[in-house]
Amino acid sequence: NCCLSHLVTNQNIENWEGPYLKKRLPNDPWGKPYNYQCPGTHGEYDLFSYGRDGAIGGEGEDKDVVSWE
């Protein structure tokens with residue numbers, strides 16, 4: 001079970017040696033939480049932001065920012 005909160009707090013995960021982030025999880029540049037899927041569609045996990053508009057697709061600052069490209 002993958003979850004970004006596991007980077008900050010131990011939720012009974014064997015061999016956990018964190019926290020891996022000093023504070024809370026960061027938001028994307030537009031102040032929204034990052035999206036995280038595990039297992040991912042494009043790899044072991046997918047990490048992405050829907051951009052400024054928070055919607056799928058878009059151009060410029062509204063373009064999605066993804067870990068698999």
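Everything in the sequence shown is counted per our numbering, starting at 1 for the first residue and increasing by one.
For every residue, glycine included, the Cβ atom is placed at its ideal position computed from N, Cα and C.
Computed from a predicted structure; not experimentally measured.
Select from the options the residue whose C-alpha is nearest the C-alpha of residue i.
i	options	result
residue 19	8, 26, 28 and 29	8
residue 17	61, 6, 37 and 31	6
residue 51	43, 44, 61 and 38	61
residue 24	4, 57 and 15	4
In angstroms, rounded to a whole number, what distance separates the CA positions of residue i and residue j?
i	j	result
residue 28	residue 48	9 Å
residue 59	residue 11	38 Å
Which whole-angstrom value is the C-beta distance of residue i and residue j, which I expect to be below 8 Å?
i	j	result
residue 54	residue 46	About 17 Å separates the two Cβ atoms, so there is no contact after all.
residue 68	residue 31	Wrong, their Cβ atoms sit about 23 Å apart, outside the cutoff.
Just grab the DSSP bridge partners of residue i for me.
i	result
residue 47	36
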